[in-house]
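Take a look at the structure below.
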Amino acid sequence: MSAHCMLTGTQPGFGNRISHSHRRTSRRFDPNIQSKRYWLPSEGRYVRLRLSTKAIKTVDTIGIEAAVARIRARGVRI
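Numbering (our numbering), first residue to last: 2 to 79.
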């Protein structure tokens with residue numbers, strides 16, 4: 002899935018677009034996914050992660066090593 006965060010698992014939400022005449026058509030709320038490259042010192046290489054902006058702030062708080070451990074615990078291959 003393209004709009005999917007590797008750290009938090011955030012996926013698109015679905016709802017309705019409501020027109021002036023109150024007709025409802027389906028729409029999609031995509032999370033703000035960004036591709037970001039981090040240096041992983043334990044492996045001596047860069048990793049490219051697809052993260053939501055909230056997850057980028059989380060990585061800044063807990064560090065890249067802890068974030069990669071959480072991603073791998075979810076079963077995502079890096």
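Cβ coordinates follow ideal geometry from the N, Cα and C atoms, glycine included.
**Report entry** Proximal residues to V48 (C-beta, below 6 Å), its chain only, five neighbours per side dropped
**Finding:** Y39, L41, I79
Query raised in the report: beta strand (DSSP E) containing E26: first to last residue?
Result: Note on identity: in this sequence residue 26 is Thr, with Glu being the wrong assignment. Looking at the DSSP string, the run of the beta strand (DSSP E) that includes T26 is 25 to 30.
Query raised in the report: Just how far apart, CA to CA, sit D31 and V60?
Result: 21 Å
Query raised in the report: Would you call S53 buried or exposed, if buried means 16 or more other Cβ atoms sit within 10 Å of its Cβ?
Result: buried
Requested in this report: Can you give me the Cβ contacts of T26 inside the same chain, cut-off strictly under 8 Å, excluding the 5 residues immediately before and after it?
Outcome: N17, R18, S20
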